[in-house]
Amino acid sequence: MRTCQILGIPTQSGTSERGCIMGPTAFRIAGLPEVLQNLGWEVTDVGDAVPTQPPAVSHPNPAVRNLDAIIAWTESVTRRAYEMASACDLPIFLGGDHSMSAGTIPGVACRAQELGQPQFVLWLDAHTDLHTLHTTTSGNLHGTPVAYFTGQPGFEGFPVPAATVDPHNVCMMGIRSVDQAEKRHVAAIGMTVFDMRTIDEQGIVAPLNSFLDRVRHANGRLHVSLDVDFLDPDIAPAVGTTVAGGATFREAHLIMEILHDSGLVTSLDLAELNPFLDVRAKTARLMTDLAASLLGRRVLEHKTRTY
1 MRTCQILGIP
11 TQSGTSERGC
21 IMGPTAFRIA
31 GLPEVLQNLG
41 WEVTDVGDAV
51 PTQPPAVSHP
61 NPAVRNLDAI
71 IAWTESVTRR
81 AYEMASACDL
91 PIFLGGDHSM
101 SAGTIPGVAC
111 RAQELGQPQF
121 VLWLDAHTDL
131 HTLHTTTSGN
141 LHGTPVAYFT
151 GQPGFEGFPV
161 PAATVDPHNV
171 CMMGIRSVDQ
181 AEKRHVAAIG
191 MTVFDMRTID
201 EQGIVAPLNS
211 FLDRVRHANG
221 RLHVSLDVDF
231 LDPDIAPAVG
241 TTVAGGATFR
251 EAHLIMEILH
261 DSGLVTSLDL
271 AELNPFLDVR
281 AKTARLMTDL
291 AASLLGRRVL
301 EHKTRTY
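Numbering (full-length UniProt numbering), first residue to last: 1 to 307.
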């Protein structure tokens, strides 16, 4: 039986919209642990992460908000993510805003480094989250984790990442809100980005399979980071950063089903769930269903029939 550990990361320090602190509880109430157990996983809920003691720090960019809290969460979550990646087949991290990935991804990447395997990341999000402390104008640090875990400069006061991810090993899908500073950064570091226009023109399958082939040929480990705002807000309203034109219900499930069939996924973020903005828990339930598709739920077993 494959093993899974679940960790809540109840942080809202990376965003100006309050409510993400309730995200891990909403996933549990939506039945995520029980759903995974019913799929044959041995599930252990290891509770919620707790930040370390926040340091006394400041930054010359006056827009930066909650820097001390984000550093404290990053230190704590990195350690917990590494421990979980060492102890089970699939750690799942329940957010909480997407600044949590500044801890989850370096933690699992550290384990990949120990195993001698390259770490890959599939970033499912409306945003690239490629700001640094110097380029952010909103000051909301959930817009910075990709720059941090790929080892970009501009994170004074942060711990050196336990392990970084090669930008060429990051694939972004669903992108549709990128400012000029982030566009320049994408071009400079050579990251693969399939925006919504690409998906409209080519569909989901070909771009995703091209990336999965790279992971497979490199014998890599694959972390999937799913932000609620990857989805169209009509089906997933419970996020403070909604952007129209996101992935549809079937596009999202197809991605998860393909990922399951690949057998490559070794860790998962479920980020930015804000139950305060939800409608009768529809987003929490959808995100739970997407996790179930990733971990093996199928509508039908596809078998060849003779008529």
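Where is the CB? At the ideal position from N, CA and C, for every residue including glycine.
- Counting the other CB atoms within 10 Å of its CB gives residue 272 a total of 16 or more, which places it among the buried residues.
- CA-to-CA, the gap between residue 36 and residue 258 works out to about 18 Å.
- In the assembly as shown, residue 200 is an exposed residue. Its beta-carbon has fewer than 16 other beta-carbons within 10 Å.
- Looking at the DSSP output, residue 119 shares a beta bridge with 221.
- As for any alpha helix (DSSP H) of minimum length 4 sitting wholly inside the stretch 149 to 206, the runs are 180 to 189 and 196 to 202, ordered along the chain.
- Between residue 266 and residue 221, the C-beta spacing is below 8 Å.
- Excluding sequence positions up to five before and after residue 64, its CB lies within less than 6 Å of the CB of 133 and 139, all in the same chain and listed in chain order.
- Straight through space, the alpha carbons of residue 262 and residue 230 are spaced by roughly 21 Å.
- DSSP places residue 245 in the coil class of the three-state scheme, outside both helix and strand.
- Beta-bridge partners assigned by DSSP to residue 4: 43 and 90.
- Burial check for residue 210: the Cβ neighbour count within 10 Å stays below 16, so the residue is exposed.
- Going by beta carbons, residue 12 and residue 129 fall outside the 8 Å limit.
- Note on geometry: alpha-carbon atoms of residue 170 and residue 208 lie some 12 Å from one another.
- Taking residue 7 as reference, the option from 123, 213 and 84 with the minimal CA-CA separation is 84.
- Within the same chain, and ignoring the five residues on either side of residue 168 in sequence, the residues whose Cβ sits closer than 7 Å to its Cβ are 190.
- The beta-bridge partner set that DSSP reports for residue 271 consists of 227.
- CA-to-CA, the gap between residue 29 and residue 102 works out to about 26 Å.
- 23 is the residue among 3, 23, 4 and 2 whose C-alpha sits nearest the C-alpha of residue 275.
- Assigned with DSSP and collapsed to three states, residue 25 falls in helix.
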